[in-house]
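Only one structure is covered here, and it is reproduced in the block below.
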Amino acid sequence: MKNIEKWCKLFCRNHIAVVLSGDKTGMLLKYEQESKQITVLLTNLSFPNGVALSKDGSFLVFAETTKCRILRYWLSTPKAGNLETLAQVPGFPDNIKRSPRGGFWVAIHSRRCKVLSWILSYSKLGNALIWVLPVDVITKAYSVMSKYLGSGLALRISEEGVVLETLELESGNKMSSISEVQEKDDHLWMGSINMPFL
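Using our numbering, the letters of the sequence shown correspond one by one to residues 3 to 200.
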């Protein structure tokens, strides 16, 4: 339970710090509503995020944001309890929502660039940045940098991990840092955790 509290405090403080630190204390938890019991299904995850259930309920998918990938965790079938990589994506995935047309919409918060890849390959460097710079400075620098990491990106992937659709917004468009994509009534609704749009 202490790991859960530690991770929640770090995440709530600043999601960018979680990525920079190379933190691997993320977990996938199961909550039993009747008994109010929490079961830890997976540990040692790098910023797990955006859980979505498959249409038939046999598995769930979630983003492992720091590693730029989508994971599938089997809930039933003979594969129950198994974890596999469903898709490697070109940036930092955020929330995942099931599409009414099949598959899942994945919001790509920002692209992975060479500088960020280099920082992430040296967790001590990322941790040093967190200790030396105030959280507000890191967040502001990330927001400025994300404008230059490419335009907004959303992917619709199948339940097998195949990219079905790519929505890439034109450069110069203010819709970078997409953190949410929701499909409803033939429209896509997008939001951001750190940009002023819906």
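Quick reminder that beta carbons are idealized off the backbone N, C-alpha and C, glycines included.
Here Gly105 really is in contact with Ile159; their C-beta atoms are around 5 Å apart, less than 8 Å. Beyond the five residues adjoining it in sequence on each side, Val42 comes within less than 7 Å, by CB distance, of Met29 and Leu31 in the same chain, given in chain order. Separation of the CB atoms of Gly163 and Ala89 is rounded to 4 Å, and the pair is thereby assigned contact status at 8 Å. Thr79 and Ala65 have their C-alpha atoms spaced approximately 22 Å apart. Runs of the beta strand (DSSP E) spanning 3 or more residues and lying entirely within the stretch 12-56 occur at 28-34, 39-47 and 50-55, in chain order. The Cβ atoms of Asn51 and Pro95 lie closer than 9 Å to each other. Counting of Cβ neighbours within 10 angstroms places His189 among the exposed residues, the total staying below 16. Under the criterion of beta carbons closer than 8 Å, Arg71 and Thr87 qualify as touching, at roughly 5 Å. Taking the C-beta atoms as reference points, Gly193 is found no nearer than 9 Å to Leu169.
Taking 9 Å as the cut-off, the beta carbon of Ile40 is found no closer than this to the beta carbon of Thr141. Annotation: Trp107 to Thr67 spans about 15 Å, alpha carbon to alpha carbon. DSSP places Ser181 inside the beta strand (DSSP E), whose first and last residues are Ile180 to Lys186. Here Ile98 is buried. Its C-beta has 16 or more other C-beta atoms within 10 Å.
Rounded to whole angstroms, Lys57 and Arg100 show a C-alpha spacing of 8 Å.
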